Amino acid sequence: MEREKKLVEGAIFLSQEPISEEELSEKLGIDREKVSLIVSQLRMEYSDRGVVLKKVAGGYRFFTSPELKEELSRFVEERPVKLSRPLLEVLAIIAYNQPITKKRIAQIRGQNPDGAVKSLLEKGLIEVVGRENSLGRPKLYGTTKAFLEHFGLSSLKELPPVEIIEVEGEEREQNP
19 MEREKKLVEG AIFLSQEPIS EEELSEKLGI DREKVSLIVS QLRMEYSDRG VVLKKVAGGY
79 RFFTSPELKE ELSRFVEERP VKLSRPLLEV LAIIAYNQPI TKKRIAQIRG QNPDGAVKSL
139 LEKGLIEVVG RENSLGRPKL YGTTKAFLEH FGLSSLKELP PVEIIEVEGE EREQNP
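The numbering of the sequence shown is the numbering used here, which starts it at 19 and goes up by one.
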């Protein structure tokens, strides 16, 4: 089991994106239940270190321990994805209403979302997930794994419930 544990740890470390237990099992040839047990052990072992093993976007990845983030940030020249308020508004609408068309985004937001949608596509936070079966077959948009990673979510089920959104200083109830 020690060799299998090293393999799982190494695979997670090498992966450029979150890797699921299923993928670890398949690629390493280790029983799924055993992979699950190993991942649980690794999470416990890393919980009190400089890096932690977290579940995000349906898989596992190593991250800098949150308590050390500020001190260690000096070693990374990573430019975080900057999101303006309009981008965040459009992203929230997509996240909570996906799959969704630009027309529906405009109806909810009250403004043309073309620029925001283009920017979010370029940043890799949303993607075209299909086409609506209506006149003109408009594109349907949804969030990506990069969205989940950016916000530290394992799945969309972890999105907080939204009852009220604040727009330009006034509160409005959300009626999608």
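Even for Gly, the Cβ is constructed at its ideal location relative to N, Cα and C. Computed from a predicted model, the values in this text were never measured in an experiment.
Beta-carbon spacing of residue i, residue j below 9 Å
| i | j | result |
| --- | --- | --- |
| Thr162 | Gly142 | yes |
| Val180 | Ala134 | no |
| Ile112 | Tyr159 | yes |
| Ser83 | Arg61 | no |
| Ala75 | Ser173 | yes |
| Val147 | Ile123 | no |
| Ser137 | Leu166 | no |
| Lys72 | Phe80 | yes |
| Glu20 | Ile48 | no |
| Val57 | Leu46 | no |
| Pro117 | Glu150 | yes |
Span of the alpha helix (DSSP H), counted from its first residue to its last, around residue i
| i | result |
| --- | --- |
| Val53 | Arg50 to Tyr64 |
| Glu176 | That residue, Glu176, is in no alpha helix (DSSP H); it is neither H nor E in DSSP. |
| Gly28 | Glu20 to Leu32 |
| Gln116 | Where Gln116 is concerned, there is no enclosing alpha helix (DSSP H), given that its DSSP letter is neither H nor E. |
| Lys136 | Asp132 to Glu140 |
| Glu89 | Lys87 to Leu90 |
Sequence-distant residues of the same chain with beta carbon closer than 8 Å to residue i, five excluded per side
| i | result |
| --- | --- |
| Val99 | Lys141, Leu143 and His168 |
| Arg50 | Glu39, Glu40 and Ser43 |
| Glu35 | Ala75, Gly77, Arg79, Lys163 and Glu167 |
| Lys87 | none |
| Leu177 | Ala113, Tyr114 and Leu171 |
| Arg127 | Glu107, Val108 and Ile111 |
Counterpart residues of residue i in DSSP-defined beta bridges
| i | result |
| --- | --- |
| Gly160 | Glu145 |
| Lys73 | Tyr78 |
| Ile37 | Tyr78 |
Chain-order list of residues whose beta-carbon lies under 7 Å from that of residue i (same chain, five-residue window excluded)
| i | result |
| --- | --- |
| Glu27 | Leu60 |
Beta-carbon contacts of residue i that lie in its chain and below 6 Å, excluding the five residues immediately before and after
| i | result |
| --- | --- |
| Pro131 | Val108, Lys120, Ile123 and Ala124 |
| Glu186 | Note on Glu186: pLDDT 38, under 50, position unreliable in the model; the coordinate value appears next. Closer than 6 Å at Cβ, skipping near neighbours: no residue. |
| Arg155 | Arg149 |
| Leu25 | Leu46 |
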